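Report on one structure; see the data block that follows.
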Amino acid sequence: MMKQAVMTRFRLCRWAFFGLLGLAALAMPLAAFSQNCALCYTQAASAGARMIQALKSGILILVIPPTLASVGMIFVMRHKDTQVRHSSEADEWSQDW
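If you want the working numbering, it's the position in the sequence shown, counting the first as 1, plus 10.
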């Protein structure tokens, strides 16, 4: 009973920590996230509206797949972690390899 209360408190603290971390990330100025690539800056400064839109689309194409892959891997790892925990908690002495 006491262990469940400690685990619940730990989960609550963990969610609060990640929530505050997310708020801190959103509160940072936008310039802190940019790398200010000189080539991209000069190309965008000398280009028209179509080129700027193409650069924005290219940036999204380069950012979205790795982000989705990372989120997918985290989801799979969390799912497998809970599977292993549930099976090991159910029968500690049984080793079904």
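A virtual CB, placed ideally from N, CA and C, is assigned to each residue, including glycine. Quick caveat: nothing in here was measured; it's all calculated off a predicted structure.
- DSSP, reduced to helix, strand and coil, places Gly-29 within a helical segment of the structure shown.
- In the structure shown, Met-17 adopts helical secondary structure according to DSSP, grouped into three states.
- A direct Cα-Cα distance of roughly 23 Å separates Val-73 from Gly-58.
- Beta-carbon to beta-carbon, Gln-53 and Leu-36 are separated by about 29 Å, too far to satisfy the 8 Å threshold.
- In this structure, DSSP gives Ala-57 a state outside helix and strand, which the three-state scheme calls coil.
- Assignment of Met-83 by DSSP, reduced to helix, strand and coil, places it in the helix class.
- In the structure shown, Cys-47 adopts coil according to DSSP, grouped into three states.
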